[in-house]
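Trainee: In this note's numbering, the protein residues as written are 10 to 95. In this text, a Cβ means the ideal position worked out from N, Cα and C, and glycines have one as well. Treat the numbers as computed from the prediction; the structure is a model and nothing was measured.
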Amino acid sequence: MVQAYKLGTIIGEESGTRYSDYGNAISFRTKYTKTLISISNKYLSDPSEKKIKRGVIPDIIVRPKIDDIINGVDTQLTYILKNLIH
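1. For Val11, which of Ile66, Asp83, Thr87, Gly81 has the nearest alpha-carbon?
2. Quick check: what's the CA-CA separation for Gln85 versus Arg63?
3. Classify Ile75 as helix, strand or coil using the three-state DSSP reduction.
4. Quick one: what's Asp30 bridged to in DSSP?
5. Taking the CB atoms as reference points, tell me whether Val71 and Tyr88 lie closer together than 8 Å.
6. With which residues is Tyr45 paired in a DSSP beta bridge?
7. Taking only the alpha-carbon atoms, compute the straight-line gap between Ile48 and Lys15 and give it to the nearest angstrom.
8. To the nearest angstrom, how far is it from the Cα of Ile79 to the Cα of Pro73?
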């Protein structure tokens, strides 16, 4: 949704899937068993979800190296601090 509505720049790696979810759930317990039931009355999805059968592709691709992962370095945050924040 960030890309579709031009709300910001996405930096990092492609996500596993596009965003979609059921939301605005109404919850209640059944009278006798007290089982919790939740029913959604909204479906939220990325506007481009049906056009692209891939995850969210970042505007700027920044992939961590194996050494960064081993050493606990946040490659994307490091990129942002070095290149985008002055």
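Mentor: Reading off the structure:
1. Ile66
2. 21 Å
3. helix
4. Leu53
5. yes
6. The question names Tyr, yet the displayed sequence has Leu at residue 45. Paired residues: Arg38.
7. 31 Å
8. 10 Å
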